[in-house]
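Residue numbers (the numbering used here), protein chains in the order written: chain A, 8 to 419; chain B, 182 to 371; chain C, 6 to 185; chain D, 5 to 357. Positions of the beta carbon are idealized from the N, C-alpha and C atoms, including for glycine. Keep in mind the model is a prediction, meaning the values are calculated, not measured.
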Amino acid sequence: MVASSIAIEEISKELIQTRDLGVTEEGERLVELQIGPTHPGSGHMRIRVWVDGDIIVRCDPDIGFVFRTIEKLSENRIYMKTIPLVERPSLLDTTPMTIGYINALEKLMGIEPPPRAKYLRTILAELTRIASHLYGIGILAIFLGHSTGFMWGFGDRELFVELANQLSGARITYAYVVPGGVRRDMPQSFPDNVEKALRYMERRLKDWYKIFLNNPVIEDRLREVGVLRKNDAVKLGITGPNLRASGVDFDVRVADPYEAYDELDFMVPVAEEGDAYARTLVRFEEIKQSINIIRDALKKMPSGDIIHPQIARMFNPLMKKIYEETRRVKFPGIFASLKPPKGEATARVEAGRGEALFHIVSDGSPRPYRFRWTTPSYRNVILFKYMIPGHRLADLPAIYGSLDYFPPEADR
Amino acid sequence: MEVEGGDLGKNLGSIIEMAAPEKNRYYKVEIPKLGPALLRNLEALATGAKYLVRPIRITVDYPRQVLEQPPWYRGMFRLLEDVCIGCSLCDIICPSDAIRMVLNPQKKKKPVINWGRCIFCYYCVDICPVEAFDTTTIHDMAYDRYEDMLTNIEEFTKDPRERDPSKGAMRMKIRFDERRGFIYEPVKGR
Amino acid sequence: MASQQPQASQQRLALGKALEELATRLSEHLKGVATKVEADKRSMVINIEVDRSRILEAAKILSSLGFDHVKSLTGVDYPDKGVIELMVHIGSYSRGLRRIMAILRSKLDRKDPRAPTLTQIWPSSEFQEREAWEMFGIVFEGHPDLRRLLLPEEFEGLWPGRKDFEIPTRKAGEAEEPWK
Amino acid sequence: MMLPLVMLLKEILGFNDTIYRTVVGLGYMIIYPGLLLVVVIAALMLWAERKIVALVQLRYGPLWVSRRIGGALQGFADLIRFSFQEVIIPRRSDVIPFLLSPGLAILFSMLPIAFIPISPSIHPPLYSDLALLVVIAIISLAPIFIVIMGWASDNKFAFVGSLREALLIVSYEIPLIISIISMAVIYGSLDFYEIVERQYMLPGMILNPFAFIASFIAVLRTTSRFPFEISEAETEIVAGPYTEYSGLMFGLSMGLAYIKLYVYTLILSLVFLGGWLPLQGGEGFLLGFLAPSLVVIIKLSLLSLVAVFLRAIYGRYRLDQAIRLGWIYVLGLSIVSLIWSLALVYGGWVRWR
């Protein structure tokens with residue numbers, strides 16, 4: 008698709024001049040369709056497509072409808088306030104994002120969380136990864152008109168949202184990770200509930216395959232649609248399951264292990280085909296692998312503190328008492344004025360949709376001087392421009408869904 | 182993977198690779214050879230029919246039934262005015278600027294909250310050095326007017342349980358189950 | 006677990022050493038192009054500083070060395086120094102090299118920030134350059150389609166990413182007027 | 005109820021035969037099995053669809069209206085809501101076709117009821133021994149008004165949707181007609197009474213299963229059931245031809261699919277499922293009319309339930325895939341069914357005289 012985009016660019020120059028229902032020199036009548044921002048299949052974005060008959064000849068993603076200026080906002084607030092902020096755009100896999108931000112902050116501060124905290128973070132991140140993938144598959148399903156896949160995705164996601172609720176006390180926006188550790192230890196019944204939920208998910212995945220992935224209609228819609236070749240994926244800097252479905256074996260959890268991933272037993276699926284079907288398949292496989300990670304992490308879970316001793320030392324007697332009795336971490340007053348030393352730090356994590364990069368420039372004040380954050384959807388949005396031309400109009404939702412693109416995450 | 186000018190690239194990468202070899206954790210997903218379409222159609226139909234006969238239900242019949250949240254669920258909370266020392270840490274750390282310090286009649290600083298802005302992150306609850314917030318699990322509150330969400334000290338010290346909107350509803354507890362996912366059970370003694 | 010802990014720190018030491026070696030190798034490759042090449046062991050990145058006029062040259066060399074995509078491209082505004090720093094996080098998908106990142110930095114004149122486009126070398130930077138342009142006003146010469154990306158069409162005013170675009174902040178902690 | 009009354013009137017006032025037939029015909033068209041029954045069945049089918057799909061999809065389905073009977077009145081509630089909503093007419097639309105086409109589409113999809121008998125005793129108002137052909141011919145006209153809807157709306161999505169509809173009509177009407185004709189070949193008749201009578205041993209779907217499958221798939225397409233819900237694909241083209249419709253007009257255009265489903269399954273249940281068999285019809289209103297017609301309605305409801313259940317299983321095909329499926333497999337199947345019928349007839353396996 009990328010190779011053919013040059014020819015498309017040439018057509019598009021004509022188009023910009025004639026705009027609407029224009030007649031190009033070739034005598035083709037092209038219709039401009041604006042998919043979004045108020046369209047049942049667009050999300051918070053506008054996709055301008057020019058169609059010739061049923062074939063899309065040019066596609067221009069117009070993003071920014073949910074642009075939250077997170078980078079600018081964070082420059083004006085203390086470090087702790089940015090934690091809930093980075094959760095908001097990628098509402099479906101919040102924990103990997105907070106982990107990335109906190110990792111960069113911890114690198115600046117020169118502290119490292121205790122092992123138990125690392126495991127707890129990993130477990131929550133994987134729970135949200137499963138939830139995020141189920142959401143993505145559900146959205147793909149409804150884009151293809153498969154309402155059962157949509158409802159199943161959201162229904163099964165509920166289990167993992169509830170598990171996260173039991174761990175952190177909130178359903179989606181956990182703000183569970185704090186510098187130096189996590190905010191609360193897992194409750195007694197948690198491992199048992201997790202095991203039951205995971206077994207349920209494994210049973211359900213078989214039905215998922217039967218009704219969704221192996222369904223001939225779905226197969227026809229996804230096979231050889233939106234093919235992304237390996238070298239194109241690398242060139243365009245695609246990330247996450249979309250990259251791995253194109254045959255590139257890259258996962259930050261393996262390439263640059265953070266938290267407890269280095270010690271855990273898991274594999275990362277890679278597919279060669281690079282079409283929408285492969286991307287969906289990779290997501291299903293990743294759910295299976297996340298199940299393995301959570302099981303393994305619960306098995307290997309070390310005991311001990313969940314907050315860095317340097318922070319625990321700052322507790323007043325009441326806080327210490329609460330921490331020891333209920334394993335709930337109270338914030339010492341220093342959290343309201345964290346001043347990491349001058350310097351820069353970069354961290355990256357594998358969020359549900361791919362690699363997220365965090366860069367903090369600190370000037371020694373309680374606010375970051377500059378905070379740069381690129382999200383996986385932000386890096387994948389370029390695919391709309393280069394992959395969609397040449398497909399049929401009905402393929403647009405199929406490709407959109409298979410990319411698991413999430414507009415707020417791209418806009419930040 | 183093939184890279185342009187591959188040798189140099191490999192050389193550079195090999196320095197890292199020798200120092201700390203990357204674990205081989207990748208496996209190739211074969212796209213399964215799917216059976217004949219007719220068979221798969223029947224399989225899909227049978228799966229649907231299976232759920233038609235033995236349905237699983239994830240949803241709860243809200244608002245007739247309301248979920249009982251764990252005690253650490255981050256719901257609405259109230260100020261214990263006598264405990265509060267007016268240190269204004271909650272105001273400083275509030276990520277959405279929902280808390281503001283005001284003077285009470287004794288000219289002491291006390292926090293008040295704007296429920297319209299609150300995101301229930303509980304940073305204020307956790308940073309309070311004296312535990313001056315009394316927390317509940319109530320979250321589904323509704324207000325008629327925006328002004329009602331802005332509290333003064335008197336309103337902020339009132340217990341939100343008093344006007345819990347889910348009072349008459351059946352309280353349900355979640356039990357995880359291998360086959361059905363969730364099983365909702367009524368909470369006894371309420 | 007106890008045995009793994011020292012092993013992990015040992016590995017980290019070895020990695021740090023490798024990173025430094027890699028930095029020296031890179032500085033050999035970039036001799037005369039980069040003004041500074043240094044390793045940041047904490048974040049496992051290599052900072053490469055180049056002059057504005059040599060950005061394209063450095064990018065070509067880095068791309069030929071295996072850094073195949075841009076992870077982030079943005080600016081950092083330093084009004085007191087009168088520069089906007091172009092900061093490009095580049096990475097690789099090839100084995101070994103993907104463990105680290107390189108940050109290509111170049112100081113641009115704040116009054117007229119111009120930089121050559123990197124889209125010919127790394128097509129992945131196309132949308133990121135559009136964002137850097139609308140936020141910091143960095144003009145990427147030769148960019149095929151330098152339009153606004155995130156900001157609304159009718160947005161007017163300063164470059165919102167720069168430090169002199171101030172957003173109102175509230176002073177927390179002081180006693181204020183009650184809402185009612 | 006109506007019949008004895010009419011008989012009584014006839015006795016007392018001495019109505020002649022024409023008036024009697026007019027009154028019965030109007031009752032047939034407006035009350036049973038015409039408009040009123042159609043609305044009731046369509047509303048119940050809407051509810052049944054949502055309920056069935058909800059069961060598969062881990063949830064309750066409609067429950068809020070008439071909770072005691074599982075929300076069965078939801079369809080009627082929707083109908084009432086639609087009728088009281090504002091109808092917005094886009095300024096740039098072609099007003100007369102825009103307003104008329106939903107009604108005309110419904111008219112033409114209901115008109116075949118006038119030719120279709122649902123019991124052995126009371127004849128339909130327009131009785132003809134070529135009824136099968138006439139019915140197919142009339143109901144094929146309905147989609148044309150869907151195309152007009154899309155064109156009159158002056159909306160790009162509506163336009164794309166109506167073009168899709170037009171392409172799909174062509175590729176699925178032909179298999180439908182061929183497979184129905186192949187049944188007529190077996191029965192040696194186009195008269196519904198004879199068609200039903202000749203299934204007294206074996207229903208048509210066993211006599212010629214190919215024709216049944218082909219015509220069922222074609223009916224799924226024509227009534228835009230999944231996996232052929234292509235012309236109004238929500239995530240692609242909003243609501244296809246119905247994008248600009250609102251209020252009652254939207255209710256009509258959405259109900260159109262269910263009305264067509266009713267009529268088509270009525271035809272299918274007569275042609276393939278043996279109509280009112282095993283009841284032979286008897287004396288009086290109850291045995292002669294009501295009981296046989298209830299058998300027909302049960303049969304057509306079962307067919308409709310299968311059709312709506314598919315929503316829980318399938319997504320939608322892409323336009324070109326659906327057309328390919330239509331022109332290769334469904335058309336192929338219908339030709340096979342025609343050959344099968346000819347073989348049965350000329351091989352002497354079926355003989356009616």
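Asked                                                                                                                              : Found
Through-space distance from residue 378 of chain A to residue 46 of chain C, alpha-carbon basis                                    : 20 Å
8 Å Cβ cutoff, residue 89 of chain A in contact with chain D                                                                       : no
Any C-beta of chain A under 8 Å from that of residue 166 of chain C                                                                : yes
Nearest-angstrom Cα separation, counted from residue 406 of chain A out to residue 150 of chain A                                  : 9 Å
Below-8 Å beta-carbon distance, residue 200 of chain B vs any chain D residue                                                      : no
Straight-line gap, residue 107 of chain D to residue 96 of chain A (C-alpha atoms, nearest Å)                                      : 46 Å
Interface flag, residue 399 of chain A vs chain D, CB-CB below 8 Å                                                                 : yes
Delimiting residues of the beta strand (DSSP E) encompassing residue 271 of chain B                                                : Note, residue 271 of chain B: premise wrong, no beta strand (DSSP E); alpha helix (DSSP H) at 270–274.
Given residue 73 of chain D as reference, the closest of D:318, D:52, D:321 once Cα atoms are compared                             : D:52
Nonlocal neighbours in the same chain, by C-beta distance under 8 Å from residue 34 of chain A, ignoring five residues either side : Because the pLDDT at residue 34 of chain A is just 49, under 50, the model does not fix this residue reliably, and the point stays unresolved.
4-residue-minimum alpha helix (DSSP H) runs that sit fully inside the segment 144–222 of chain D, ordered along the chain          : 146–157, 160–191, 196–201, 208–211
Positions along the segment 319–338 of chain D whose CB lies within less than 7 Å of some CB in chain A                            : 319, 320, 321, 322, 323, 324, 325
Cβ-Cβ distance between residue 267 of chain A and residue 181 of chain A below 8 Å                                                 : no
Residues sharing a beta bridge with residue 214 of chain A, DSSP                                                                   : Answer is none; residue 214 of chain A lacks a bridge partner.
Any C-beta of chain C under 8 Å from that of residue 388 of chain A                                                                : yes
Member of A:243, A:223, A:137, A:247 whose CA lies at the smallest distance from the CA of residue 125 of chain C                  : A:243
Positions along the segment 61–85 of chain C whose CB lies within less than 8 Å of some CB in chain A                              : 73, 74, 75, 76, 77, 79, 81, 82
Nearest-angstrom Cβ-Cβ length linking residue 224 of chain D and residue 270 of chain D, presumed shorter than 8 Å                 : At roughly 15 Å, the Cβ-Cβ gap does not stay under 8 Å, so residue 224 of chain D and residue 270 of chain D are not in contact.
Nearest to residue 338 of chain D (by Cα), restricted to the options D:176, D:38, D:277                                            : D:176
Residue 64 of chain D - containing beta strand (DSSP E), residue span                                                              : Where residue 64 of chain D is concerned, there is no enclosing beta strand (DSSP E), given that its DSSP letter is neither H nor E.
Where residue 297 of chain D sits in the DSSP three-state scheme                                                                   : helix
Neighbourhood of residue 336 of chain B by C-beta, 7 Å cutoff - its chain only, sequence neighbours within 5 removed               : none
Limits of the alpha helix (DSSP H) - the one that residue 328 of chain A falls within                                              : 324–333
Where residue 52 of chain C falls: helix, strand or coil (DSSP)                                                                    : strand
Per-residue burial, residue 52 of chain C [other beta carbons within 10 Å of its own, 16 or more giving buried]                    : buried
Start-to-end residues for the beta strand (DSSP E) that takes in residue 40 of chain C                                             : 39–45
Delimiting residues of the beta strand (DSSP E) encompassing residue 58 of chain A                                                 : 53–59
CB contact below 8 Å: residue 313 of chain D versus chain B                                                                        : yes
Runs of alpha helix (DSSP H) lying entirely within the segment 35–102 of chain A, each at least 4 residues, in chain order         : 77–81, 89–94
Interface residues of chain A facing residue 78 of chain D [CB-CB closer than 9 Å]                                                 : Under the 9 Å cutoff, chain A gives no residues; its nearest Cβ is about 17 Å from residue 78 of chain D.
Residue 99 of chain C beta carbon less than 8 Å from that of residue 194 of chain B                                                : yes
Cα-Cα separation between residue 390 of chain D and residue 205 of chain D, rounded to whole angstroms                             : Only positions 5 to 357 of chain D appear in this structure, which leaves residue 390 of chain D out of reach.
Chain B contacts from the segment 25–53 of chain D (Cβ-Cβ distance under 9 Å)                                                      : none
Proximity to residue 319 of chain D [Cα-Cα], best of A:225, A:91, A:209, A:53                                                      : A:225
Cβ neighbour criterion (16 or more within 10 Å) applied to residue 199 of chain B                                                  : exposed
Chain B contacts from the segment 98–130 of chain C (Cβ-Cβ distance under 7 Å)                                                     : 98, 99, 100, 101, 102, 104, 105
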